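Visitor: Numbered according to the working numbering, the sequence shown spans residues 87 to 470. Note that the Cβ used here is the ideal one computed from N, Cα and C, for glycine as well. Source: prediction; values computed, not measured.
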Amino acid sequence: MKLGIAKESASGERRVGLVPDAVESLIARGVAVCFERGAGEGAGFSDESFESIGAESCASYAEMAGCADVVIKVQPPNAQEIDAQCEQSVLISLLRPLDEPERIEQLAASGIDAFALELMPRITRAQSMDVLSSQSTIAGYRAVLLAAEVLPRIFPMLVTAAGTLHPARALVVGAGVAGLQALATARRLGAVTAAYDTRPAVREQVESLGARFIELDLDVGGGEDAGGYAAAQSAQFYERQREQLAKHVAAADVVVTTALVPGQEAPRLISDSAVRAMRSGSVIVDLAAEKGGNCDCTLRDQDRVVSGVHVIGRTNLPSEIPMHASQLYAKNVSTFLGHLFAEEGGLAFDLEDEITAATLVARGSDVVHPAVREQLVKREEENV
Numbered sequence: 087m088k089l090g091i092a093k094e095s096a097s098g099e100r101r102v103g104l105v106p107d108a109v110e111s112l113i114a115r116g117v118a119v120c121f122e123r124g125a126g127e128g129a130g131f132s133d134e135s136f137e138s139i140g141a142e143s144c145a146s147y148a149e150m151a152g153c154a155d156v157v158i159k160v161q162p163p164n165a166q167e168i169d170a171q172c173e174q175s176v177l178i179s180l181l182r183p184l185d186e187p188e189r190i191e192q193l194a195a196s197g198i199d200a201f202a203l204e205l206m207p208r209i210t211r212a213q214s215m216d217v218l219s220s221q222s223t224i225a226g227y228r229a230v231l232l233a234a235e236v237l238p239r240i241f242p243m244l245v246t247a248a249g250t251l252h253p254a255r256a257l258v259v260g261a262g263v264a265g266l267q268a269l270a271t272a273r274r275l276g277a278v279t280a281a282y283d284t285r286p287a288v289r290e291q292v293e294s295l296g297a298r299f300i301e302l303d304l305d306v307g308g309g310e311d312a313g314g315y316a317a318a319q320s321a322q323f324y325e326r327q328r329e330q331l332a333k334h335v336a337a338a339d340v341v342v343t344t345a346l347v348p349g350q351e352a353p354r355l356i357s358d359s360a361v362r363a364m365r366s367g368s369v370i371v372d373l374a375a376e377k378g379g380n381c382d383c384t385l386r387d388q389d390r391v392v393s394g395v396h397v398i399g400r401t402n403l404p405s406e407i408p409m410h411a412s413q414l415y416a417k418n419v420s421t422f423l424g425h426l427f428a429e430e431g432g433l434a435f436d437l438e439d440e441i442t443a444a445t446l447v448a449r450g451s452d453v454v455h456p457a458v459r460e461q462l463v464k465r466e467e468e469n470v
């Protein structure tokens with residue numbers, strides 16, 4: 087079996103799907119590896135670092151994809167990359183299957199078997215393969231650093247001969263992996279921290295990081311779906327939530343929002359009026375910007391100022407710390423490959439296995455994932 091590592095073509099993407107350490111382990115298991123030249127340069131991994139451990143360099147994506155049984159990517163492939171990949175080969179990547187199901191249809195039509203890593207189930211034995219969690223960790227950390235760069239005050243309290251500087255107040259909305267890392271980072275920098283989440287079960291995690299857990303007067307039920315993600319709520323619920331969150335937002339110097347519902351636009355949790363009620367110089371970093379944003383003032387991939395408040399809507403924060411983001415991603419992918427390896431060589435598609443079945447989206451020229459098929463049907467009905 088031969089693995090191919092792509093050089094990412096998406097604008098601003100600096101990560102690479104496999105790093106030399108992971109490649110070396112795969113080669114030791116008898117797997118041949120080729121890579122597109124320059125694949126790791128954005129993350130600090132030279133072509134020589136791959137070649138020195140036995141990986142073969144390829145001059146182009148087409149050359150790499152043409153000789154690989156399995157292609158490893160970070161970002162979803164574009165149409166040209168799909169055309170370049172061989173029929174009956176395998177693609178392992180982030181694919182946005184519920185947001186852009188048409189791409190999965192294109193992969194299936196090209197005869198490519200595809201695994202969407204963002205569909206990794208949240209079960210114990212899949213934790214080491216969970217790319218969303220590893221990349222969210224990087225995003226939560228980077229979000230607070232961005233806020234610290236822009237905020238016109240320092241995070242910690244300082245008592246000096248010139249007077250006392252009071253600590254910054256940081257509010258995190260959504261205490262998933264990214265939110266918890268944002269809380270931990272803000273706390274390490276010396277901020278007074280607080281968090282809100284619709285899931286009561288995360289209170290203990292928030293408080294274990296030294297943050298205050300904010301409760302609103304809302305009926306959230308369990309607050310989460312079967313996969314452990316925040317459950318979607320009604321329009322009336324979100325309206326009341328916005329109203330009650332506003333006073334907490336106004337009191338914060340830094341707000342990091344992370345609330346997402348799989349397969350849906352991000353819930354709007356911070357109104358325009360709430361932003362305008364914040365102190366001038368305050369910062370909002372919206373980690374849900376790719377799905378429309380949690381804040382009314384968020385613009386995708388833009389940093390803007392609204393009534394003196396900085397609103398940061400960058401959609402690929404892990405790529406801003408590409409070396410460690412790539413190392414974590416590569417560990418997830420190599421562990422997933424180990425899960426798929428067959429004893430006789432190659433990959434095994436055990437559809438009775440929960441991890442394999444949850445991530446396989448295209449197989450044998452068909453879209454095989456039920457949720458992706460549902461999205462395609464919904465799109466067809468909307469276009470009628």
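#1: For Glu204, which residues in the same chain have their Cβ closer than 8 angstroms to its Cβ, ignoring the five residues on either side in sequence?
#2: Return the chain-ordered ranges of every alpha helix (DSSP H) run that is complete within the region 90-157 and spans a minimum of 4 residues.
#3: Label Met364 either buried or exposed according to how many other C-beta atoms from any shown protein chain fall within 10 Å of its C-beta, with 16 as the threshold for buried.
#4: State the beta-bridge partners of Val347 as determined by DSSP.
#5: For Arg123, which option in Ser111, Val102, Glu110, Gly116 has the closest C-alpha, if you only look at C-alpha atoms?
#6: On the three-state DSSP scale, how would you describe Phe323?
#7: Asp339 and Ala256 look like a contact to me (Cβ under 8 angstroms); what is the Cβ gap, rounded to whole Å?
#8: Kindly indicate which residue of Ser95, Asp439, Ser368, Ser393 has the alpha-carbon position closest to the one of Ala234.
#9: If contacts are defined as beta-carbon pairs under 8 angstroms, then Arg228 and Leu403 qualify, I think. What distance do you get, rounded to the angstrom?
#10: Considering only the alpha carbon of each residue, which of Ser366, Ile398, Asp185, Gly394 lies closest to Gly379?
#11: Return yes when the Cβ of Val292 is within less than 8 angstroms of the Cβ of Ala277, no when it is not.
#12: Is it buried or exposed, Gly249, if we count other Cβ atoms within 10 angstroms and call 16 or more buried?
#13: Kindly indicate which residue of Ser451, Glu460, Ala96 has the alpha-carbon position closest to the one of Ala195.
#14: Quick one: measure Cβ to Cβ for Met150 and Cys120, integer angstroms, because I've assumed they're closer than 8 angstroms.
#15: May I ask you to report which of helix, strand or coil DSSP gives Glu454?
#16: Mark Thr210 as exposed unless 16 or more other C-beta atoms lie within 10 angstroms of its C-beta, in which case mark it buried.
#17: May I ask you to report which of helix, strand or coil DSSP gives Gly262?
#18: So the alpha helix (DSSP H) Arg298 belongs to, where does it begin and stop?
#19: Which residue or residues does DSSP assign as beta-bridge partners of Arg365?
#20: Going by beta carbon distance, what residues of the same chain come within less than 7 angstroms of Leu232, once the five residues before and after it are set aside?
#21: With distance defined between alpha-carbon atoms, name the residue in Lys464, Leu414, Ala443, Glu440 nearest to Ala129.
#22: Look up Phe201 in the DSSP assignment and give the residues it is bridged to.
#23: Straight-line CA distance for Glu351 to Gly262?
#24: Cutting at 8 angstroms between CB atoms, please list the residues of its own chain near Met243, excluding the five before and the five after it.
#25: Rounding to the nearest angstrom, what Cα-Cα distance links Leu237 and Ala92 in this structure?
#26: Using beta-carbon positions only, say whether Arg328 and Ile356 come within less than 8 angstroms of one another.
#27: Helix, strand or coil, according to DSSP, for Phe435 in the structure here?
#28: Using CA atoms only, rank isn't needed, just tell me which of Val105, Arg100, Leu112, Ala108 is closest to Ile427.
#29: Relative to the C-alpha of Arg208, which candidate in Val463, Glu376, His455, Ile441 has its C-alpha closest?
#30: Note down the Cα distance separating Met206 from Val458, rounded to an integer number of angstroms.
#31: Going by CA-CA distance only, name the one from Phe323, Phe201, Asp133, Gly394 that's closest to Ser366.
#32: Using DSSP with H/G/I as helix, E/B as strand and the rest coil, what is Arg228?
#33: Please report how far the alpha carbon of Met215 lies from the alpha carbon of Leu423, in whole angstroms.
Guide: Reading from the atomic positions:
#1: To locate residue 204, count along the sequence shown from 1; it is residue 118. Correct list, in chain order: Leu180, Leu181, Arg182, Pro183, Val217, Leu218.
#2: Unbroken alpha helix (DSSP H) runs of no fewer than 4 residues, entirely contained in the region 90-157, are found at 106-114, 133-137, 147-153, following chain order.
#3: For the purposes of this step, residue 364 is identified with residue 278 of the sequence shown, where counting begins at 1. Buried, because 16 or more other Cβ atoms sit within 10 Å of the Cβ of Met364.
#4: By 1-based counting over the sequence shown, the position of residue 347 is 261. Paired residues: none, contrary to the question.
#5: Position 37 of the sequence shown holds residue 123. For the residues Ser111, Val102, Glu110, Gly116, the minimum Cα distance to Arg123 belongs to Val102.
#6: For this step, residue 323 is matched to residue 237 along the sequence shown. Assigned with DSSP and collapsed to three states, Phe323 falls in helix.
#7: By 1-based counting over the sequence shown, the position of residue 339 is 253. By 1-based counting over the sequence shown, the position of residue 256 is 170. Right, the Cβ-Cβ distance comes to about 7 angstroms (below 8 angstroms), so this counts as a contact.
#8: Taking the sequence shown and counting its residues from 1, the one referred to as residue 234 is at position 148. Sorting Ser95, Asp439, Ser368, Ser393 by C-alpha distance to the C-alpha of Ala234 places Ser368 at the top.
#9: Here residue 228 corresponds to residue number 142 of the sequence shown, with the count starting at 1. Here residue 403 corresponds to residue number 317 of the sequence shown, with the count starting at 1. Indeed, because the Cβ distance is near 4 angstroms, the residues count as touching under 8 angstroms.
#10: Position 293 of the sequence shown, counted from the first residue, corresponds to residue 379. If we check each option's Cα against that of Gly379, Ile398 comes out closest.
#11: Position 191 of the sequence shown, counted from the first residue, corresponds to residue 277. Position 206 of the sequence shown, counted from the first residue, corresponds to residue 292. Their beta carbons are not under 8 angstroms apart, which means Ala277 does not touch Val292 by this criterion.
#12: For the purposes of this step, residue 249 is identified with residue 163 of the sequence shown, where counting begins at 1. Answer is exposed; the Cβ neighbour count stays below 16.
#13: As a first step, residue 195 must be located in the sequence shown, where it is residue number 109. Selected option, being the one with the closest Cα: Ser451.
#14: Within the sequence shown, residue 150 is the residue found at index 64, counting from 1. Within the sequence shown, residue 120 is the residue found at index 34, counting from 1. Contact between Met150 and Cys120 holds, with the beta-carbon distance rounding to 6 angstroms and staying under 8 angstroms.
#15: Position 368 of the sequence shown, counted from the first residue, corresponds to residue 454. A small correction: the amino acid at residue 454 is Val; Glu does not occupy that position in the sequence shown. The three-state secondary structure of Val454, taken from DSSP, is coil.
#16: Locating residue 210 in the sequence shown gives position 124, counting from the first residue. Around the Cβ of Thr210, a 10 Å sphere holds fewer than 16 other Cβ atoms; the residue is exposed.
#17: Locating residue 262 in the sequence shown gives position 176, counting from the first residue. Reduced to three states, the DSSP call for Gly262 is coil.
#18: For this step, residue 298 is matched to residue 212 along the sequence shown. For Arg298, there is no enclosing alpha helix (DSSP H); the residue is part of the beta strand (DSSP E) that begins and ends at 298-300.
#19: Start at 1 with the first residue of the sequence shown, and residue 365 comes out as number 279. Beta bridge pairing from DSSP links Arg365 with no other residue.
#20: On the sequence shown, residue 232 is found 146 positions in, with the first residue counted as 1. In the same chain as Leu232, and ignoring 5 residues on each side of it, the C-beta atoms closer than 7 angstroms to its own belong to Val371, Ile398, in chain order.
#21: In the sequence shown, the residue the question calls residue 129 occupies position 43. Nearest C-alpha to Ala129 among Lys464, Leu414, Ala443, Glu440: Leu414.
#22: To locate residue 201, count along the sequence shown from 1; it is residue 115. Beta-bridge pairing links Phe201 to Ile178, Leu446.
#23: On the sequence shown, position 265 is the one that residue 351 refers to. On the sequence shown, position 176 is the one that residue 262 refers to. Cα-Cα distance, rounded: 17 angstroms.
#24: Within the sequence shown, numbered from 1, the residue matching residue 243 stands at position 157. The answer, listed in chain order, is Thr250, Leu251, His252, Pro253, Gly276.
#25: One-based indexing of the sequence shown puts residue 237 at position 151. One-based indexing of the sequence shown puts residue 92 at position 6. Distance between the alpha carbons of Leu237 and Ala92: 37 angstroms.
#26: Residue numbering aside, residue 328 sits at position 242 when the sequence shown is read from its first letter. Residue numbering aside, residue 356 sits at position 270 when the sequence shown is read from its first letter. Yes, they are a contact pair.
#27: Sequence index remark: in the sequence shown, residue 435 carries index 349 (1-based). Phe435: coil per DSSP, three-state reduction.
#28: Looking up residue 427 in the sequence shown gives position 341. Note on identity: in this sequence residue 427 is Phe, with Ile being the wrong assignment. Cα-wise, what sits closest to Phe427 is Leu112.
#29: Translated into positions along the sequence shown, residue 208 becomes position 122. Per the Cα distances, Ile441.
#30: For this step, residue 206 is matched to residue 120 along the sequence shown. For this step, residue 458 is matched to residue 372 along the sequence shown. The straight-line gap from Cα to Cα measures roughly 14 angstroms.
#31: Locating residue 366 in the sequence shown gives position 280, counting from the first residue. Ranking Phe323, Phe201, Asp133, Gly394 by CA distance to the CA of Ser366 puts Gly394 first.
#32: Counted from its first residue, the sequence shown places residue 228 at position 142. Of the three classes helix, strand and coil, the one that applies to Arg228 here is helix, per DSSP.
#33: The residue given as residue 215 occupies position 129 in the sequence shown. The residue given as residue 423 occupies position 337 in the sequence shown. The C-alpha of Met215 lies about 9 angstroms from the C-alpha of Leu423.
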